[in-house]
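Asker: Below is a structure I'd like to ask you about.
There are 2 protein chains.
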Amino acid sequence: MTTTQPIDFWFDFSSPYGYLLAEKIDAVAAKYGRTVSWHPILLGIIFQATGSAPLTLQNPAKASYSLHDFARSARFMGLPYQHPTNFPLATQNAARGYYWLAGQDVGLAKQFALAAYRALFVDNRDISAPETVVEIATNLGVDRSSLETALQTPEIKARLKNEVDAALQAGVFGSPHVLIDGEPFFGADRLPQIEQWLKTGGF
Amino acid sequence: MTTTQPIDFWFDFSSPYGYLLAEKIDAVAAKYGRTVSWHPILLGIIFQATGSAPLTLQNPAKASYSLHDFARSARFMGLPYQHPTNFPLATQNAARGYYWLAGQDVGLAKQFALAAYRALFVDNRDISAPETVVEIATNLGVDRSSLETALQTPEIKARLKNEVDAALQAGVFGSPHVLIDGEPFFGADRLPQIEQWLKTGGF
Chain A
2 MTTTQPIDFW
12 FDFSSPYGYL
22 LAEKIDAVAA
32 KYGRTVSWHP
42 ILLGIIFQAT
52 GSAPLTLQNP
62 AKASYSLHDF
72 ARSARFMGLP
82 YQHPTNFPLA
92 TQNAARGYYW
102 LAGQDVGLAK
112 QFALAAYRAL
122 FVDNRDISAP
132 ETVVEIATNL
142 GVDRSSLETA
152 LQTPEIKARL
162 KNEVDAALQA
172 GVFGSPHVLI
182 DGEPFFGADR
192 LPQIEQWLKT
202 GGF
Chain S
2 MTTTQPIDFW
12 FDFSSPYGYL
22 LAEKIDAVAA
32 KYGRTVSWHP
42 ILLGIIFQAT
52 GSAPLTLQNP
62 AKASYSLHDF
72 ARSARFMGLP
82 YQHPTNFPLA
92 TQNAARGYYW
102 LAGQDVGLAK
112 QFALAAYRAL
122 FVDNRDISAP
132 ETVVEIATNL
142 GVDRSSLETA
152 LQTPEIKARL
162 KNEVDAALQA
172 GVFGSPHVLI
182 DGEPFFGADR
192 LPQIEQWLKT
202 GGF
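Protein sequences appear in the order of chains A and S.
Residue 84 in this note's numbering sits at position 83 of the first sequence, with consecutive numbering throughout.
Residue 81 in this note's numbering sits at position 80 of the second sequence, with consecutive numbering throughout.
Quick look at the structure:
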């Protein structure tokens with residue numbers, strides 16, 4: 002099967018499994034000649050709309066297991082992981098930063114997204130703070146004052162809101178969520194199925 | 002690492018992912034010289050205790066995805082799957098049958114468990130009915146009237162209750178749940194991690 006339609010990848014910057022999949026998805030897609038369109042979303046709004054909750058705020062047994070599984074799944078996938086002190090956390094600044102950067106340079110926006118994820122899940126930095134988001138971007142050569150201004154514009158706020166609405170419309174109920182030619186995959190643990198799907202065109 | 006401690010495997014007979022893992026777990030364990038102790042439980046009680054709900058009774062987006070994923074995950078694992086008409090369903094008869102059989106012959110009890118799972122998830126049979134459970138067992142050579150009597154004894158009811166209590170004590174919050182030398186794994190999708198853990202003694 003050949004197609005040029007990008008794969009859609011929805012994630013929240015506070016999602017541990019979103020971080021794990023973000024580190025892998027583009028390389029797996031590229032193996033099969035596909036590109037990936039990244040869509041940061043806000044799980045708070047998704048969970049409110051669907052009546053769900055973060056794993057670590059569900060029952061104590063599931064919360065405790067999830068904390069253990071985040072770190073073990075990272076090791077299994079060969080990635081570093083340190084659970085953040087401030088968790089869960091607000092991610093609208095990181096998401097807005099992503100969309101503003103993506104309007105100029107998608108490659109740079111993805112670099113920023115990975116840097117933000119690593120800041121949170123490897124270096125335990127509080128990326129809910131706009132100044133942290135700005136610092137991560139300026140380390141990649143982004144102009145500080147342009148970004149500071151952009152984070153507060155109605156256009157970028159509307160863009161994020163529209164992306165969250167579109168995610169809900171597409172059936173997204175958590176993070177990460179991947180859509181390949183109409184086929185949905187939820188969770189970093191579906192990466193082997195994603196790869197098999199790309200390899201075979203469906204199974 | 003060598004150890005003779007059996008791996009614990011908790012599952013509910015109404016759990017699609019429990020069925021998928023039941024088809025694989027003993028063979029994977031045997032590759033690494035390990036045996037598996039099977040523990041059917043009642044998710045209704047586990048969910049009541051932990052404040053959770055079946056995937057197909059959660060929000061519509063997650064329910065719809067889950068139905069799709071049950072079948073796709075089965076195909077990915079090379080197993081047949083047909084979603085049952087009566088679902089979710091009560092499984093205390095199947096669980097009681099398992100424990101009564103296990104008191105006599107664990108191998109036969111596992112054969113019965115797999116036959117009950119296939120009856121439900123391949124042949125769309127309603128295994129909530131005691132007569133279906135009895136028929137599945139008699140097809141394996143089990144004495145009908147002994148089993149019919151056993152399903153109603155206080156001893157076997159207490160055994161199942163104790164197993165559910167022990168599962169909650171062990172941190173079980175869903176199905177399937179596996180414990181290897183103190184390390185918990187939730188979900189059929191953790192089979193690659195289970196195998197890696199058995200192969201390396203932990204990672």
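By construction, the Cβ of each residue, glycine as well, lies at the ideal position given by its N, Cα and C atoms.
Which chain C residues sit within Cβ distance under 8 angstroms of A:Thr201?
Answerer: In the structure shown, chain C does not exist; the protein chains are A and S.
Asker: For A:Pro185, does the count of other Cβ atoms within 10 angstroms reach 16, so buried, or fall short, so exposed?
Answerer: Here residue 185 of chain A is taken as the residue at index 184 of the first sequence, counted from 1. A:Pro185 is buried by the Cβ-count criterion.
Asker: For a minimum of 4 consecutive residues, which ranges assigned as the alpha helix (DSSP H) are wholly contained in the segment 8-81 of chain A?
Answerer: 17-23, 26-32, 44-51, 61-77, all fully within the segment 8-81 of chain A.
Asker: If the criterion is Cβ atoms closer than 9 angstroms, does the pair S:Leu192 and S:Ile26 meet it?
Answerer: For this step, residue 192 of chain S is matched to residue 191 along the second sequence. For this step, residue 26 of chain S is matched to residue 25 along the second sequence. Cβ atoms of S:Leu192 and S:Ile26: closer than 9 angstroms.
Asker: What does S:Tyr66 reach in chain A if we use C-beta pairs closer than 8 angstroms?
Answerer: The count along the second sequence starts at 1 and reaches residue 66 of chain S at position 65. Those are Gly172, Phe174, Pro185, Phe187, listed as they occur along chain A.
Asker: Whole angstroms is fine: what's the gap from A:Gln105's alpha carbon to A:Pro155's?
Answerer: Position 104 of the first sequence, counted from the first residue, corresponds to residue 105 of chain A. Position 154 of the first sequence, counted from the first residue, corresponds to residue 155 of chain A. If I take the Cα positions, the gap works out to 17 angstroms.
Asker: Of all Cβ atoms in chain A, is any one closer than 9 angstroms to the Cβ of S:Lys63?
Answerer: As a working mapping, residue 63 of chain S is identified with position 62 in the second sequence. At least one chain A Cβ lies under 9 angstroms of S:Lys63.
Asker: Residues of chain A with CB closer than 9 angstroms to the CB of S:Thr51, please, in chain order.
Answerer: Within the second sequence, numbered from 1, the residue matching residue 51 of chain S stands at position 50. Those within 9 angstroms of S:Thr51 in chain A are Gln59, Asn60, Pro61, Ala62, Lys63.
Asker: With respect to the alpha helix (DSSP H) encompassing S:Pro155, which residues constitute its N-terminal and C-terminal limits?
Answerer: Position 154 of the second sequence, counted from the start, is the residue given in the question as residue 155 of chain S. Where S:Pro155 is concerned, the enclosing alpha helix (DSSP H) stretches over 155-170.
Asker: Just tell me which of S:Gln49, S:Ala50, S:Leu58 has its CA closest to the CA of A:Thr51.
Answerer: Against the first sequence, residue 51 of chain A aligns to sequence position 50. A:Thr51 has its Cα closest to that of S:Leu58, out of S:Gln49, S:Ala50, S:Leu58.
Asker: Please work out which residues of its chain come closer than 6 angstroms, Cβ to Cβ, to A:Ala72, disregarding the five sequence neighbours upstream and downstream, and give them in chain order.
Answerer: Numbered from its first residue, the first sequence carries residue 72 of chain A at position 71. So the list reads Tyr82, once near-sequence residues are dropped.
Asker: Tell me which same chain residues have a C-beta within less than 8 angstroms of the C-beta of S:Ala130, skipping the five on either side of it?
Answerer: Along the second sequence, read from residue 1 onward, the residue named residue 130 of chain S stands at position 129. Contacts found: Asn94.
Asker: Is the Cβ of S:Phe77 closer than 9 angstroms to any Cβ of chain A?
Answerer: Residue mapping note: residue 77 of chain S aligns to position 76 of the second sequence, counting from 1. It does: the Cβ of S:Phe77 has a partner Cβ on chain A nearer than 9 angstroms.
Asker: Under three-state DSSP, which class holds S:Pro177?
Answerer: As a position in the second sequence, residue 177 of chain S is number 176, starting the count at 1. Note: S:Pro177 maps to coil in three-state DSSP.
Asker: If we call anything under 9 angstroms between Cβ atoms a contact, is S:Ile128 one with S:Leu90?
Answerer: For the purposes of this step, residue 128 of chain S is identified with residue 127 of the second sequence, where counting begins at 1. For the purposes of this step, residue 90 of chain S is identified with residue 89 of the second sequence, where counting begins at 1. Contact: yes.
Asker: Mind pulling the chain A residues with CB within less than 7 angstroms of S:Asp190?
Answerer: Numbered from its first residue, the second sequence carries residue 190 of chain S at position 189. Within chain A, the residues near S:Asp190 are Asp190.
Asker: Assuming A:Leu21 and A:Leu80 are in contact, meaning their beta carbons sit under 8 angstroms apart, how far apart are those beta carbons, in whole angstroms?
Answerer: Counting from 1 along the first sequence, the entry for residue 21 of chain A is found at position 20. Counting from 1 along the first sequence, the entry for residue 80 of chain A is found at position 79. Confirmed, about 6 angstroms.
Asker: Just the Cα atoms here: how many angstroms apart are A:Ile8 and S:Gln6?
Answerer: On the first sequence, position 7 is the one that residue 8 of chain A refers to. On the second sequence, position 5 is the one that residue 6 of chain S refers to. Looking at the two C-alpha atoms, the distance is approximately 45 angstroms.
Asker: Between A:Arg160 and the rest of its own chain, which residues show a CB-CB distance below 7 angstroms, the 5 nearest in sequence each way excluded?
Answerer: Translated into the one-based positions of the first sequence, residue 160 of chain A becomes position 159. Cβ within range, chain order: Tyr100.
Asker: Could you work out which residues of chain A lie near S:Phe204, taking near to mean beta carbons separated by less than 9 angstroms?
Answerer: The count along the second sequence starts at 1 and reaches residue 204 of chain S at position 203. Correct list: Arg73, Arg76, Phe77.
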